[in-house]
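Working notes, beginning with the structure itself.
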Amino acid sequence: MALKFWGSAASDYNSWALPLRSVYLIGLFLCLYAAVGRLRQYWRLRHFKGPPSTGISWLWHSRAVISGDSHSWYGYATEKYGPIARIAPNHLITSSPERAEWYYHAARFEPGKDNIFTECDNERHDARRKKMAAGYSGRENPGLEASIDIHVKDLVHLIRSKYASPPNSKKVTKPMDLATKIQYLTLDVISEVGLGKAFGDLKSDQDVNDYLAAMEVGLRIGNQAFGMGTSWLRDVLFLGKRISPSEKDEKGFGRMMSEARKVITARLLKSTEERSDMLSSFIRHGLTGDDLFQETFETMLAGSDTTSASIRIILLYLMTHPRVYAKLQAEIDGAIKAGNAPKSPGVISDSEARKLPYLSAVIREGMRVYPPVSNLFSRVVPQGGDVVKVDGEEHFLPGGTMIGYSAWGMHRHDKATYGEDAEVFRPERWFVDESDPLEKERLARMYKINDMIFGYGRWICIGRVVALIELHKTIFELLRNFDLALTNPDRPWTIFNTMGLFAIGDMWVDVSERH
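Sequential numbering of the sequence shown, starting at 1, is according to UniProt numbering.
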């Protein structure tokens with residue numbers, strides 16, 4: 001019996017030991033395959049320097065994204081390691097103005113469904129952009145500027161009625177979170193010009209239906225998944241829909257999607273001639289179905305977040321630079337005295353605001369020194385590779401390599417273009433002696449590079465026109481009507497970079513009404 005038992009045990013051992021060895025061999029083979037692949041990636045980009053470990057690991061890049069300060073990390077990489085730096089085994093980043101799919105797809109709202117930001121196919125991107133251009137430019141939205149004026153007036157009225165102390169008053173007023181009020185403004189504007197009806201945040205002085213909170217949570221989740229490298233799970237069959245926002249959700253991104261769907265469905269039942277806005281223009285130019293929904297929803301998110309970040313950044317730099325604040329306010333007062341702006345509560349026209357040189361310089365300088373959008377905007381090098389020239393030196397980029405851009409490095413650290421004090425907020429740098437050909441040429445280069453904050457070529461920001469109208473009018477009207485001062489200069493705001501967009505909060509200010 002004992003012999004039979006041990007014989008049986010030996011037989012059992014042999015029956016499972018063989019497949020176990022096979023599993024080990026397969027595991028070993030996969031590890032070796034992965035190691036060889038990683039070594040190959042390291043070797044093909046070995047000529048590009050970067051932070052330690054970036055040649056063999058995504059850890060540095062993941063830490064940068066999850067930190068909420070990735071723009072600074074990318075800026076550090078290009079400043080220390082050159083205008084083309086390595087930030088991951090198969091990813092380069094450049095701060096040069098001469099200058100992927102995985103990144104853009106991580107920013108999708110729903111699995112497998114693209115919008116103009118996430119679409120990586122050039123032909124499909126161009127076709128969709130063509131259908132949307134008229135709506136964003138204002139050509140088919142004659143009420144665009146008037147709609148913006150309405151909400152700028154709402155902002156001024158809200159501040160004056162609830163938060164501003166009267167001129168020369170000793171009355172103590174409660175601080176106001178300027179970050180939140182600016183978000184109310186931009187979301188009301190984009191919902192008005194995009195959907196035909198403002199959400200009403202300014203009039204109610206609250207985040208109606210928690211849309212802004214939903215956007216911040218959604219972007220944080222997307223940023224975390226992107227940083228940890230788990231974004232691909234959303235494209236897994238069955239699993240993707242379970243972990244993505246749903247229009248059945250009672251709050252959050254899903255609730256926003258549901259409300260947008262209702263507005264679009266209702267509009268499709270009417271003639272586009274009843275109201276001419278972005279949505280009507282999209283429909284007239286052939287956007288339908290999911291394409292129409294994705295672009296309309298993207299309009300609400302991107303059109304609100306990027307513009308509100310720009311306004312808040314500019315206002316922070318104004319409040320922390322009293323000399324610039326006083327100089328701009330004097331220009332604004334001069335324009336009013338000259339009759340170039342209507343009396344309050346009227347709002348200056350876009351054409352008149354653009355004629356104010358110091359206002360334009362302040363806006364350019366604010367977005368330059370703290371770029372409001374710091375996406376990587378990665379591209380994949382074509383098969384066969386490509387040769388690029390950076391700072392007079394040629395570099396070969398192997399095919400399949402991803403290369404993104406560092407907004408921080410290109411705009412804030414570019415001393416060759418902006419001067420030795422490139423990191424300093426100084427609007428006067430935009431005024432040069434244009435009778436000097438070299439200075440005139442340098443200014444033209446500054447303008448060209450600064451305009452790249454809005455993208456370049458086929459990827460230029462389609463909402464640029466709307467954003468610049470909002471920027472000029474809002475800065476003008478706030479400084480015309482109020483004096484703003486930071487409540488906590490040592491902690492002016494909280495800021496977190498999510499997918500290249502800035503979540504800004506706790507920007508508390510004391511407001512005094514001007515005469």
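For glycine and all other residues, C-beta sits at the position ideal for the given N, C-alpha and C. Since this is a predicted model, take the numbers as computed values, not measurements.
Beta-carbon of Ala-164 versus every beta-carbon of chain D: anything under 9 Å? Any reference to chain D falls outside this structure, which holds one protein chain only.
Which residue comes first and which comes last in the alpha helix (DSSP H) that contains Tyr-81? Taken as a continuous stretch (DSSP letters only), the alpha helix (DSSP H) holding Tyr-81 covers 70-81.
Leaving aside the five residues before and after Leu-3 along the sequence, list all residues of the same chain whose C-beta is less than 7 Å from its C-beta, in chain order. A caution first: Leu-3 carries a pLDDT of 45, below 50, which makes its placement in the model unreliable, though a value can still be read off. Excluding sequence neighbours, Leu-3 sits near nothing in its chain.
When the Cα of Thr-173 is compared with those of Thr-180, Ile-182, Ser-161 and Tyr-184, which residue comes out closest? Residue Ser-161 is the option with its Cα nearest to Thr-173.
Please name the residue, chosen from Asp-350, His-515 and Pro-89, that lies closest to Leu-471 on a Cα-to-Cα basis. Looking only at Asp-350, His-515 and Pro-89, the smallest Cα-Cα distance to Leu-471 is reached by Asp-350.
Could you spell out where the alpha helix (DSSP H) holding Asp-291 opens and where it closes? Run containing Asp-291: 289-319, per the alpha helix (DSSP H) assignment.
Verify whether the separation of the beta carbon atoms of Ala-77 and Ile-87 is less than 9 Å. Closer than 9 Å, so yes.
Answer with buried or exposed for Val-189, where buried requires no fewer than 16 other C-beta atoms within 10 angstroms of its C-beta. Buried, because 16 or more other Cβ atoms sit within 10 Å of the Cβ of Val-189.
Quick one: what does DSSP say Gly-222 is sitting in, helix, strand or coil? In this structure, Gly-222 counts as helix in the three-state DSSP scheme.
Once the 5 residues before and after Trp-60 are set aside, which same chain residues still bring their CB inside 6 Å of it? Excluding sequence neighbours, Trp-60 sits near Pro-51, Ser-53 and Thr-54.
Neighbour-count burial assignment, Leu-39, 16 or more Cβ in a 10 Å radius: With fewer than 16 other Cβ atoms within 10 Å, it is exposed.
Beta carbon of Leu-479 nearer than 9 Å to that of Ile-311: No, Cβ-Cβ distance for Leu-479 and Ile-311 is not below 9 Å.
What is the rounded straight-line gap between the Cα of Val-152 and the Cα of Thr-307? Between Val-152 and Thr-307, the C-alpha separation is close to 13 Å.
Could you give the residue range of the alpha helix (DSSP H) that holds Val-373? Careful: Val-373 lies outside any alpha helix (DSSP H) and carries neither H nor E.
Under three-state DSSP, which class holds Ile-348? Ile-348 falls in the coil class under three-state DSSP.
In angstroms with no decimal places, state the Cα-to-Cα distance between Phe-496 and Arg-429. Phe-496 and Arg-429: Cα-Cα distance of roughly 29 Å.
Give every residue of the same chain whose Cβ lies closer than 7 Å to the Cβ of Asp-201, excluding the five residues on either side of it in the sequence, and list them in chain order. Contacts found: Tyr-184, Leu-187, Asp-188, Asp-207 and Val-208.
For Ala-503, which beta-bridge partners are listed by DSSP? DSSP lists Phe-496 as partners of Ala-503.
If I measure Cβ to Cβ from Gly-227 and keep anything under 6 Å in the same chain, skipping five residues before and after, which residues do I get? Taking C-beta separations shorter than 6 Å and ignoring five residues to either side along the sequence, the partners of Gly-227 in its chain run Ser-62, Val-65 and Ile-66, following chain order.
In angstroms with no decimal places, state the Cα-to-Cα distance between Tyr-358 and Leu-443. Distance between the alpha carbons of Tyr-358 and Leu-443 is about 15 Å.
Going by beta-carbon coordinates alone, are Val-466 and Gly-303 separated by less than 9 Å? Result yes, Cβ atoms of Val-466 and Gly-303 sit closer than 9 Å.
By Cβ distance, which residues of its chain are closer than 7 Å to Glu-145, with the 5 residues on each side in sequence left out? The beta carbon of Glu-145 is closer than 7 Å to those of Asp-350 and Ile-469 in its chain, skipping five residues each way along the sequence.
Spatial neighbours of Pro-382 within its chain, please: CB distance less than 7 Å, with the 5 preceding and 5 following residues excluded, ordered by chain position. Closer than 7 Å at the Cβ level, and outside the excluded window around Pro-382, lie Gly-399.
My assumption, with CB atoms under 8 Å, is that Ile-84 sits in contact with Ala-309. Please give the rounded CB distance. With a Cβ gap of about 27 Å, Ile-84 and Ala-309 do not count as contacting.
DSSP on Phe-109, reduced to helix/strand/coil? Since pLDDT at Phe-109 reaches only 47, below the 50 mark, its modelled position is unreliable, and the value read off the structure follows with that caveat. The answer is coil: DSSP assigns Phe-109 none of H, G, I, E or B.
Suppose the cutoff is 6 Å on Cβ atoms and the five residues either side in sequence are ignored; what does the same chain contact list for Met-499 look like? Correct list, in chain order: Ala-107, Leu-219, Gly-222 and Asn-223.
Go ahead and label Ala-266 buried or exposed: buried means 16 or more other beta carbons lie within 10 angstroms of its beta carbon, across all protein chains shown. Flag for Ala-266 reads exposed.
Counting beta carbon pairs with one atom in the segment 363-379 and one in the segment 422-439, are three or more of them shorter than 8 Å? Segments in contact, yes.
Give the DSSP-derived three-state secondary structure of Val-466 in the structure shown. Helix.
On a CA-only basis, which of Phe-454, Ala-335 and His-411 is nearest Ser-72? Give me that one, please. Taking only the C-alpha atoms, the option nearest Ser-72 is His-411.
Could you please give me the residues that DSSP links to Ile-26 through a beta bridge? In the DSSP assignment, Ile-26 is bridged to no other residue.
In whole angstroms, what is the alpha-carbon distance linking Met-452 and Ala-198? For Met-452 and Ala-198, the distance between alpha carbons rounds to 30 Å.
So what does DSSP say about Val-193, is it helix, strand or coil? Residue state, collapsed to three classes: helix.
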